[in-house]
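Chains as they are written, first to last, in my numbering: chain W, 451 to 806; chain F, 126 to 309.
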């Protein structure tokens, strides 16, 4: 029975982590945006505004949950829950360190890719359930965008999978460091199996995987509805898009889902391309930096640092670039990213057959 | 009763119950969202049958693709057309429904016959292949075998399906093209 108890504890721990990340994420986002726009950001609540998020949470918890009279009540109430659960379930298959993975599924990557698509359904549910034209426009834009960008994201992922030859996320992570059982080559010519570190990450295994990583990163921005792909909640056109009508705790849940999604896509990117929980420090001669800094505890540290770095990039991009128009968005996805991702997949096959 | 049996009955109940709600529900949108629950229950049943790949594929294709497409078609169609569909004036039991009842009854008879006469737990070919050792171990390598077989033994059907999808894609592109824009 303790077997099942562990699962519950892990699930609760992941939820706690996601909630904590959202709290810090909101604060960081406000401070980063303030820094980029040459403002101060929240300053009043607590020293440097550190208590701002707590104050916001208390405000949200107090708010009345208003259901519009014309809304479809069942869909309206369940939509935020489904949006969040869709993202939260994705964390099941992600590895945190050597031997540290909630569920070691042999098709982990495919599972994560599948389970993320539930979010689209939740967003459509929210849009239709609100019975508000802005909500439904936002939901339709969001669904169209997510479906379009799933294709380049999927093919850039396939490019990695073809090189890694497995869908098990823990195995993919294992191949990118000193613990690898098969030979790791830096750009296909330099054997770095025992050197490890940054040199054995997937982005440096083949030149086209760098391109694949950029494609994946752009597509992941679109999948988490972040600027410059935030037309689903374009505040100057659609009020707030699909979550216009949500208040209080429901809105908090939508927000939680958005920040969890940011972390989830960053973490998948890190696992697939940036060495997962492997250390960036290589072994240099007698200084076995990679061997010293590889382990369960180190793994959590490295993957957190890398994922938070990618999340930081997402925030940086959000406050730097203007929003894309719908037609530009579709052009970018279908005419630029998709052919490039196909090309990456093709090169991956050739690379695996003849170079590796 | 073991845990797996309890889970099986739970999944089967969810699948059948939600499917009934989908069929009997008056509200079309809610039916579509209920269909999502049905598909998920079905995926759970696949997992219990040790077909993990099929279960995940079910979610990718049906939940992520087809269900969203159905919703798109629903939301893009006009309000009048939808109202006509949603209003069901006829009573459930009436003479005009007789052919439907007849067909459904026949189907039920056939299905019950199949279930009772097939003896699925002792099919001859299953017994033979177990005897001959022609089985796959459950060790998480199912997906590798599916991949290898799709690219070798079943390559022709695989390619034929891709051509079919290509034809559908070209057809859709042709239908949605603006008429008279590029005509000489």
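Beta carbons: idealized from backbone N, C-alpha and C, even for Gly.
- Per the C-alpha coordinates, the member of W:729, W:766, W:635 positioned closest to residue 676 (chain W) is W:766.
- For the options W:524, W:538, W:588, the alpha carbon positioned closest to that of residue 461 (chain W) is the one of W:538.
- For residue 636 (chain W), the three-state secondary structure derived from DSSP is strand.
- Against residue 621 (chain W), chain F offers no close residue; the least beta-carbon distance is about 11 Å (beta-carbon pairs closer than 7 Å).
- A residue is called buried once 16 or more other Cβ atoms fall within 10 Å of its Cβ, and residue 556 (chain W) is buried on that count.
- Straight through space, the alpha carbons of residue 193 (chain F) and residue 201 (chain F) are spaced by roughly 12 Å.
- Annotation for residue 177 (chain F): the continuous alpha helix (DSSP H) segment containing it runs 177-183.
- Residue 669 (chain W) sits in a helix when the DSSP states are folded into three classes.
- Restricting attention to beta strand (DSSP E) runs no shorter than 3 residues, the region 726-765 of chain W encloses none.
- For the region 150-166 of chain F, the set of positions with a beta-carbon nearer than 8 Å to some beta-carbon of chain W reads 152, 154, 155, 158, 161 in chain order.
- Counting the other CB atoms within 10 Å of its CB gives residue 747 (chain W) a total below 16, which places it among the exposed residues.
- Residue pairing by DSSP places residue 550 (chain W) opposite W:547 in a beta bridge.
- Think of a sphere of 9 Å around the beta carbon of residue 563 (chain W): the chain F residues whose beta carbon falls inside it are 181, 185, 189, in chain order.
- Interface with chain F (8 Å Cβ-Cβ cutoff): residue 806 (chain W) is excluded.
- With contact defined as three or more Cβ pairs closer than 8 Å, the region 694-707 of chain W and the region 593-600 of chain W are not in contact.
- The contact set of residue 522 (chain W) on chain F, defined by CB atoms closer than 8 Å, consists of 152, 154, 155 in chain order.
- Under the criterion of beta carbons closer than 8 Å, residue 619 (chain W) and residue 545 (chain W) qualify as touching, at roughly 5 Å.
- Excluding five sequence positions before and after residue 520 (chain W), the CB atoms of its chain that fall closer than 6 Å to its own CB belong to 581, given in chain order.
- At a cut-off of 8 Å between C-beta atoms, residue 177 (chain F) counts as an interface residue with respect to chain W.
- Here the alpha carbon of residue 644 (chain W) sits roughly 26 Å from the alpha carbon of residue 797 (chain W).
- When W:701, W:756, W:755 are compared, the shortest CA-CA separation from residue 534 (chain W) is found for W:701.
- Look at residue 246 (chain F) here: in three-state DSSP terms it is helix.
- Within the region 587-599 of chain W, those residues whose Cβ lies closer than 7 Å to any Cβ of chain F are, in chain order, 590, 593, 597.
- Distance from residue 597 (chain W) to residue 559 (chain W) at the Cβ level is roughly 19 Å; contact not present, criterion being Cβ atoms closer than 8 Å.
- As DSSP reads the structure, residue 641 (chain W) sits in a beta bridge with W:635.
- When F:246, F:158, F:127, F:133 are compared, the shortest CA-CA separation from residue 574 (chain W) is found for F:158.
- In this structure residue 130 (chain F) is exposed. Its beta-carbon is surrounded by fewer than 16 other beta-carbon atoms within 10 angstroms.
- Assignment of residue 799 (chain W) by DSSP, reduced to helix, strand and coil, places it in the helix class.
- Nearest CB-CB separation between residue 197 (chain F) and chain W: below the 8 Å threshold.
- A Cβ of chain F is located within less than 8 Å of the beta carbon of residue 567 (chain W).
- Contact annotation, residue 634 (chain W) with residue 801 (chain W): C-beta distance approximately 14 Å; criterion of less than 8 Å not satisfied.
- Using beta-carbon distances, residue 697 (chain W) does not count as an interface residue toward chain F, since no partner is under 8 Å.
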